[in-house]
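Enquirer:
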Amino acid sequence: MTTTYYDVPLLKPPVWTWEVPLYFFAGGAAGGAAIIGSIAEWTGANGHLARDARWIAAGGAPISAALLTADLGRPERFVNMLRVFKPQSPMSIGSWTLAAFSASTTGALVPALSKAAGTSSALTGAAMLTYTGVLIGATAIPVWHENIRLLPPHFAASGIASAAAILTLMGHDEPALNDVAMGAAAAETVIGAFVETRSTPAMAPLREGPSGWMIRAGGVLSGPVPLLMRATSKKPTWRKAASVAALAGSLLTRLGWIAAGRVSAKMKG
Amino acid sequence: MATTAFLTDSTLCIGCKACEVACKEYNDVPADGYAFTGQSYDNTLQLGHSTWRHVAFVEMDTAFGVGGNSGEQLSWSFVSDVCKHCEHAGCLEACPTGSIVRTEFGSVYVQPDVCNGCGYCVVGCPFGVIDRRPTDGRAFKCTFCYDRQRDGEQPACAKACPTQSILFGEIEDLRAHAERRLETLRARGVDDAAFWDAGDTSVGGTHAMFIVRGDPEAYNLPQQVDVPTVYLEDGWKSAAAAALVAIAGTAAAFLARRRGHGGSTRSALQRISV
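Listed in order, the protein sequences are those of chains A and B.
Numbering follows this note's numbering, in which position 167 of the first sequence is assigned residue number 361; successive positions increment by one, without gaps.
Numbering follows this note's numbering, in which position 22 of the second sequence is assigned residue number 392; successive positions increment by one, without gaps.
This is the structure we're talking about:
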C-alpha cells in the first residue's frame, strides 16, 4: 500500500450483482453434468444416469443464459455478445462457449444427434467449467488476478461436484458417480487448504471479513465435509446429505469469490 | 490522421474546475450527486460514469515552487485527471461486444449504441476510470471528445482551460513539450516535478500524460500497473489443464468401475474413439 488520493481506492469495484455468481454455479453444474452424461454413455454405464445428466446440462444452459442476460445493464442487447469474436476477451469466449454449449446440450437430447452433440457438449462443458476462472482472473482486481492459476481448477472441481451432487439427489447411486464426487471433494479440500495457508496482502479478502467467511464456509462444505461423509458411509442418505453440503459449498464459493473481488477493489491503493 | 493526446500539467492548474464543467456541459453528462466530502475543496473525488474530468486537490507540506506559498500555509497542488486512453487498454481488450474501439486519433471510445452493459470493462480498467451508469445501464467514460476531434476541434476541457494546464495536440509534439517543460521547472528549482505516462509498464503508455509534483501515486497515478491481458496466458493454460483433468478423471472413474462390473476397458476406449 502506498499513499493514495484521500484514501480513494484506485479501482472501481465489480458492478455484478447476485446473478453472476449464481450463473457461475449453474453454468458449472451444467458443464459438469454434460461431461458426466457423455462419459456415462460412452462407457455404457447406466443409461438412466446418462439421460438425467444430459437433461441437467440442457436445462442449466438456458438458466445460465437467463442469469447472464438479467445482469446486463441493457438486457435487450444480449445478442450483441455474439456481434464479434474476441479471443483476448474471456467474456467474448465465454459468450460463444455458452452459445455452443446450449446448442450441443439441446442436440444431445435428440437420439439421432446424441453421439456428435454429446461429444460437443462434453468439450464445451469442460470450457464452461473452467473459463469463468479466467474471466475473473484476467482483471485488474488483485485477489482475482493473483489467483488466476488457482481459479480454473477450483471452479472446475466445484462444477463437477455440483453436477454429481444433483445426480445423487435424483437417486443415482452408481459407484463411479461417487468416485467422481469424492475426487472433486478431494480437489476442493486441497484448494481450500492452499487458500487458508497462503498469506499475501491480496489474499486477505479470502480469509477476513464476510467474504472470508463465505470462502471458508464454502471450502469446508465443498471439501472435507462431503469427502468424509462419502468415505465413511455407503448409505444413500449419507451420500445425499454430502450432496446437499457440496451444493451449498459450491454456491457459497462462487458468491464468496465475487464478494472478495468487491473488497479487493477497495483495498488496492 | 494524427495521433492525439492530452498533456495535463499540474504546475499550471489553478483548480478552477472549468474542465469538469465544460466536459459535463458539452457531453451532456448527468449530475452525480451533491456530496460534501470534506476533502480539501474536492467534492468530486474520483472519475466515474458521470465524471470524465476530475480536478484533484492534493495538499502537501510547504515547499518552494511555482506560485510559492507563505510558510504558514499548505502547499496546494491541483491536477485534472481524465481517462488515460491507454496504448494497451484493459477496457478495450475486455469488451465482448466490440463496443469499445480504438479511434483514428489513437483514443479509446465506447460506442453507446453497441454497449450492452455487461460490466466487464469496469474490472478490466487498471485505473478505475470506466464505470456502469446505474440510471442508464451502459458503461461510460471520457470520449476524448471524438465528435469534436472529427470536426477538427480540440476537446471541450482543453478548450475551456484558462491556464493551458490541459494541452491537447499531436502526441509526439506533447512529449517534446513535456521534456522542455520539465527542464524549465527544474531550472526554477522545482525538483519534484515528474512526468507520468505509464510508458514502462504493460499498459505501454497513455494518450493522457501528466506532469505532477511529488509522488504520482498521491494523485492516483500508479507507477506499477498492468493491463489485465498479461494474466491471460497463465489463466488459459490452467483452464486447459483443469478441463483435461475433469474429463480424464471422470472417464477414469467410469472406466474403472465398468471393468469392475465385467466390461472390458478396450471396448470402452473404442466407444470413446467413435
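Built from N, CA and C at the ideal position, the CB exists for glycine as well.
This structure is a prediction, so every number in the text was calculated from the model and none was measured.
Taking beta-carbon pairs under 9 Å, can you tell me which members of the region 387-413 of chain B lie near chain A?
Expert: Within the region 387-413 of chain B, the qualifying residues are Thr407, Gln409, Ser410, Asp412.
Enquirer: For chain B, check one thing: does any of its Cβ atoms lie closer than 7 Å to the Cβ of Ala259(A)?
Expert: No, Ala259(A) lies away from the interface with chain B (no Cβ there is under 7 Å from its Cβ).
Enquirer: Considering only the beta carbon of each residue, do Ser572(B) and Asp596(B) sit closer than 7 Å?
Expert: Taking 7 Å as the Cβ cut-off, Ser572(B) and Asp596(B) qualify as a contacting pair.
Enquirer: For Val600(B), which residues in the same chain have their Cβ closer than 7 Å to its Cβ, ignoring the five residues on either side in sequence?
Expert: Answer for Val600(B): Ser572, listed in chain order.
Enquirer: Which one of Gly418(B), Ser535(B), Ala609(B), Ala459(B) has the shortest CA to CA distance from Ser447(B)?
Expert: The option with the nearest alpha carbon to Ser447(B) is Ser535(B).
Enquirer: Examine the Cβ distances between the region 414-425 of chain B and the region 379-397 of chain B and report whether three or more of them are shorter than 8 Å.
Expert: Cβ pair count under 8 Å is three or more, so yes.
Enquirer: Closest Cβ-Cβ distance between Gly476(B) and chain A: below 7 Å?
Expert: For Gly476(B), the answer is no, since every Cβ of chain A falls outside 7 Å of its Cβ.
Enquirer: Anyone know if the C-beta pair for His577(B) and Asp501(B) falls short of 7 Å?
Expert: No; because the gap between Cβ atoms is not below 7 Å, this pair is not in contact.
Enquirer: Run through DSSP, which three-state label would His424(B) get?
Expert: Strand, per DSSP.
Enquirer: Could you compute how far the alpha carbon of Val436(B) sits from the alpha carbon of Val560(B)?
Expert: Low per-residue confidence applies at Val436(B): pLDDT is 48, beneath 50, and the placement is therefore not dependable, though the value from the model is reported in the following sentence. Computed Cα separation, rounded: 8 Å.
Enquirer: Mind pulling the chain B residues with CB within less than 8 Å of Leu421(A)?
Expert: Correct list: empty, because the minimum Cβ distance to chain B is about 15 Å.
Enquirer: Taking Gly412(A) as part of the alpha helix (DSSP H), name the residues at either end of that continuous run.
Expert: Unbroken alpha helix (DSSP H) run through Gly412(A): 403-416.
Enquirer: Three-state secondary structure (DSSP) at Ala255(A)?
Expert: Of the three classes helix, strand and coil, the one that applies to Ala255(A) here is helix, per DSSP.
Enquirer: Within the same chain, show all residues whose beta-carbon is closer than 8 Å to that of Val644(B), passing over the 5 residues directly before and after it, in chain order.
Expert: Because Val644(B) carries a pLDDT of 39, less than 50, the predicted location of this residue cannot be relied on, and no value is offered for it.
Enquirer: Going by Cα to Cα distance, which pick from Gly327(A), Leu441(A), Gly267(A), Ser352(A) is closest to Arg343(A)?
Expert: When each option's Cα is compared against that of Arg343(A), the closest is Gly327(A).
Enquirer: How about Asp567(B): is its C-beta nearer than 7 Å to some C-beta of chain A?
Expert: No, no contact with chain A.
Enquirer: Given this structure, state the Cα-to-Cα distance separating Ile642(B) from Thr237(A), to the nearest angstrom.
Expert: For Ile642(B), the predicted model reports a pLDDT of 47, less than 50, meaning its position is unreliable; a value from the coordinates is still stated below. Cα to Cα, Ile642(B) sits roughly 8 Å from Thr237(A).
Enquirer: Could you compute how far the alpha carbon of Asp251(A) sits from the alpha carbon of Thr426(A)?
Expert: One point to set straight first is that residue 251(A) is Ala, not Asp, in the sequence displayed. The alpha-carbon atoms of Ala251(A) and Thr426(A) are separated by roughly 30 Å.
Enquirer: Among Ala259(A), Thr198(A), Gly226(A), whose alpha-carbon lies nearest the alpha-carbon of Leu216(A)?
Expert: Minimum Cα distance to Leu216(A) is reached at Ala259(A).
Enquirer: Tell me the DSSP bridge mates of Cys456(B)?
Expert: Per DSSP, Thr576(B).
Enquirer: If we count the other Cβ atoms within 10 Å of its Cβ and call it buried at 16 or more, is Asp265(A) buried or exposed?
Expert: So Asp265(A) counts as buried.
Enquirer: What do you reckon, are the CB atoms on Met408(A) and Ala453(A) nearer than 7 Å?
Expert: It is a contact, given that the beta carbons lie within the stated cut-off.
Enquirer: What does the alpha-carbon distance come out to for the pair Asp570(B) and Pro592(B)?
Expert: Going from the Cα of Asp570(B) to the Cα of Pro592(B) covers about 12 Å.
Enquirer: Going by the beta-carbon positions, is the gap between Leu323(A) and Ala616(B) smaller than 7 Å?
Expert: The answer is yes: Cβ separation under 7 Å.
Enquirer: In angstroms with no decimal places, state the Cα-to-Cα distance between Ala223(A) and Phe624(B).
Expert: Each residue's alpha carbon lies about 18 Å from the other.
Enquirer: Taking the alpha carbon of Glu213(A) as the reference point, which residue from Ala293(A), Leu261(A), Glu382(A), Ile360(A) has its own alpha carbon closest?
Expert: Closest by alpha carbon: Leu261(A).
Enquirer: Taking only three categories from DSSP, how would you classify Arg424(A)?
Expert: Correct three-state label for Arg424(A): helix.
Enquirer: Give the interface partners of Ser283(A) over in chain B, defined as CB-CB distance under 7 Å, in chain order.
Expert: Chain B residues near Ser283(A): Glu463, Ala464, Cys465, Pro466.
Enquirer: Based on the DSSP output, what are the partners of Tyr479(B) in its beta bridges?
Expert: DSSP lists Val471(B) as partners of Tyr479(B).
Enquirer: Sort out for me which residues DSSP pairs Ile581(B) with in a bridge.
Expert: According to DSSP, Ile581(B) bridges with Asp379(B), Phe565(B).
Enquirer: So Ile354(A) is in the alpha helix (DSSP H); what residue range does that whole segment cover?
Expert: Where Ile354(A) is concerned, the enclosing alpha helix (DSSP H) stretches over 345-363.
Enquirer: Using a cut-off of 7 Å between C-beta atoms, extract the partners of Arg271(A) located in chain B.
Expert: Under the 7 Å cutoff, chain B gives Asn486.
Enquirer: Step through the CB atoms of chain A and report whether any lies within less than 7 Å of the CB of Trp606(B).
Expert: It does; some Cβ of chain A falls within 7 Å.
Enquirer: What does Asp373(A) touch in chain B if you count any residue whose Cβ is under 8 Å from its own?
Expert: Per Cβ cutoff of 8 Å: Ala623, Ala626, Arg627.
Enquirer: How is the alpha helix (DSSP H) around Leu292(A) delimited, first residue to last?
Expert: Its alpha helix (DSSP H) spans residues 284-301.
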